[in-house]
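Residue numbers (the working numbering): 120 to 564.
Below is one structure, written out as structure tokens; comments come after it.
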Amino acid sequence: MKRGVPTLILVVALAWGGSALADEPSPKRAVPDYGGRRPPPPTAGQVAMWVPRVALAPAYMVTEYVLRWPLSVAIPAAERADLPRKLYDFFTFGPEHKAGFAPVALVAFGFNPSVGVYVFWDDALFDGNSMRLHAEAWPVDWFAGSLTERIQIDRHDLVQFRVEASRRPDRVFYGIGPDTLQSNQSRYGEDRLDASALYEWRFGRASRIQTAVGLRSAALSDGQYGTDPTLGREAATRAFDVPYGFGRPYAAEYNRVVVVIDTRRPKPSPGSGLRVEVQAEQGSDLRQTPASGWIRYGASAGGYLDLNGHRRVLGLAVTTVFADPLGDRPIPFTELASLGGDGPMRGYFPGRLVDRSAAAASMHYLWPIGPWLDGSLEAAVGNVWGEHLQAFRPGRLRFSGDIGVSSPGFSDYPIGCVFGVGSETFERGGTIDSFRVTLSVNHGF
120 MKRGVPTLIL VVALAWGGSA LADEPSPKRA VPDYGGRRPP PPTAGQVAMW
170 VPRVALAPAY MVTEYVLRWP LSVAIPAAER ADLPRKLYDF FTFGPEHKAG
220 FAPVALVAFG FNPSVGVYVF WDDALFDGNS MRLHAEAWPV DWFAGSLTER
270 IQIDRHDLVQ FRVEASRRPD RVFYGIGPDT LQSNQSRYGE DRLDASALYE
320 WRFGRASRIQ TAVGLRSAAL SDGQYGTDPT LGREAATRAF DVPYGFGRPY
370 AAEYNRVVVV IDTRRPKPSP GSGLRVEVQA EQGSDLRQTP ASGWIRYGAS
420 AGGYLDLNGH RRVLGLAVTT VFADPLGDRP IPFTELASLG GDGPMRGYFP
470 GRLVDRSAAA ASMHYLWPIG PWLDGSLEAA VGNVWGEHLQ AFRPGRLRFS
520 GDIGVSSPGF SDYPIGCVFG VGSETFERGG TIDSFRVTLS VNHGF
């Protein structure tokens, strides 16, 4: 027993001392230098990120504090109020919500606005069949509508039938050629009817081949918007010649082929890769056959790099378009090569630049600013020229720049906002004299 008492005291002392020592933090040892290795050097993407960070600082401030921050407040509040589900239930029908409707709107500086409705019905009558009705108007100024039926045969094959009609009085025309002036802006009206059948085969990641046949009729006459002169009145001042097709209705049968090779992932997160598109459309005026016919063809090629794997994509692209007559008569000016609108050189109005050929090179940057919402910034140089880029020279190029917001996650119901600028030719000083502001919700005309 006497020998057991010191042992017990020793155990208690060690336990007390260990608990006391446990209350004191033990010093941290230095991280060993395993093999003398240094931290890995920054990747090329991390270094390249500093270029857009500096150049896009103003755009970042706008998207961060005007768009992203309000969205970060509004979206959680909407979710707490169960607003997304309530809106979804209000605009869709059926047990599986395969049918419904949604509002359509367009506000574009320099053009009549529009409001309308978009109606959809998935698996209409049978599986894989989708129908879309799109209608918009602005009281009595203009109207447009389309009816589309898509039949998804399997994951690769799709057939589409579409009928579209529109009447607008506010189309713009400045003349034909690379040196047209912004001050010569005039207006013409267009009545258009288009019916087509299309087959699409998808393969790879986002590659596809499309073939289409259709009939298109157009009647072009003097239009009006604000205080702008009509096309006929401006032509009478010798600002430009009356273009072929104006005042001459035509009905064209056309055949179109589009081939797209795209190594990127499908939207909304395509990432890095290459994209090449080749297209051609042959048309014939049925009222003037065989004297009147044309072929419009072109190609674009682009490379895209996701700088950090988080949808911050830098892209470079080059586009060319050509239009050649197939008969003795000229090509209607609405069928010529053009730049502006939602195509290359977005800083210009649709149809601002028109001629027999066109070329443009662009650099753009895409970054996420919210759920299903991306910001975009684009800078481009290009112009239109005569036959096969005749009389091309660098001094006749123009600059186009734009910043915008889009919703690539909603391919069937896109939302877009664009602010763009365009310049005179560099030979004339490259002065910014064209401005384009557009806010649209599923606008299609």
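Idealized CB from N, CA, C, for every residue including glycine.
Which class does residue i belong to by DSSP, given the choice of helix, strand or coil?
i	result
leucine 426	coil
valine 560	strand
glutamine 509	coil
glutamine 566	The chain is shown from 120 up to 564; residue 566 falls before or after that span and cannot be answered.
threonine 453	helix
leucine 140	Confidence at leucine 140 is low in this model, with a pLDDT of 43, below 50, so its placement is unreliable and the value that follows should be read with caution. DSSP places leucine 140 in helix when its eight states are reduced to three.
arginine 555	strand
threonine 162	coil
asparagine 303	helix
glycine 514	helix
valine 361	coil
Taking the continuous alpha helix (DSSP H) assigned at residue i, which residues delimit it?
i	result
phenylalanine 210	202-210
glycine 366	Counting along the chain, glycine 366 falls outside any alpha helix (DSSP H), and DSSP gives it neither H nor E.
tryptophan 491	Counting along the chain, tryptophan 491 falls outside any alpha helix (DSSP H), and DSSP gives it neither H nor E.
serine 191	188-199
leucine 350	350-355
Apply the 10 Å Cβ neighbour rule to residue i and answer buried if 16 or more other Cβ atoms are within range, or exposed otherwise.
i	result
tryptophan 304	The amino acid at residue 304 is misidentified as tryptophan; the sequence shows glutamine. Looking at its Cβ environment, which holds 16 or more other Cβ atoms inside 10 Å, glutamine 304 is buried.
tryptophan 261	buried
glutamine 413	Note that residue 413 corresponds to tryptophan in the displayed sequence, not to glutamine. Buried: at least 16 other Cβ atoms inside 10 Å.
glycine 428	exposed
methionine 180	exposed
threonine 346	exposed
tryptophan 188	exposed
proline 160	exposed
phenylalanine 209	exposed
serine 191	exposed
histidine 216	exposed
isoleucine 522	buried
isoleucine 488	buried
alanine 316	exposed
glutamate 319	buried
glutamate 353	buried
histidine 562	buried
tryptophan 504	buried
So if DSSP puts residue i in a beta bridge, which residue, or which two residues, is it bridged to?
i	result
serine 340	Gly308
proline 222	Val236
threonine 439	Ala418, Ala478
valine 377	Gln329, Gln398
proline 409	Answer by DSSP bridge pairing: none, since proline 409 is not bridged.
histidine 216	Beta-bridge pairing links histidine 216 to no other residue.
serine 315	Arg281, Gly333
leucine 458	Leu472
Over what stretch of residues does the beta strand (DSSP E) that includes residue i continue unbroken?
i	result
isoleucine 522	517-525
glutamate 396	392-404
leucine 252	248-257
glutamate 546	First-last for glutamate 546: undefined, no H or E at that position.
valine 282	276-292
isoleucine 270	261-271
Considering only heavy atoms of the ligand FMN, does any lie closer than 6 Å to the CB of residue i?
i	result
aspartate 341	The ligand FMN is absent from the structure shown, which contains no ligand whatsoever.
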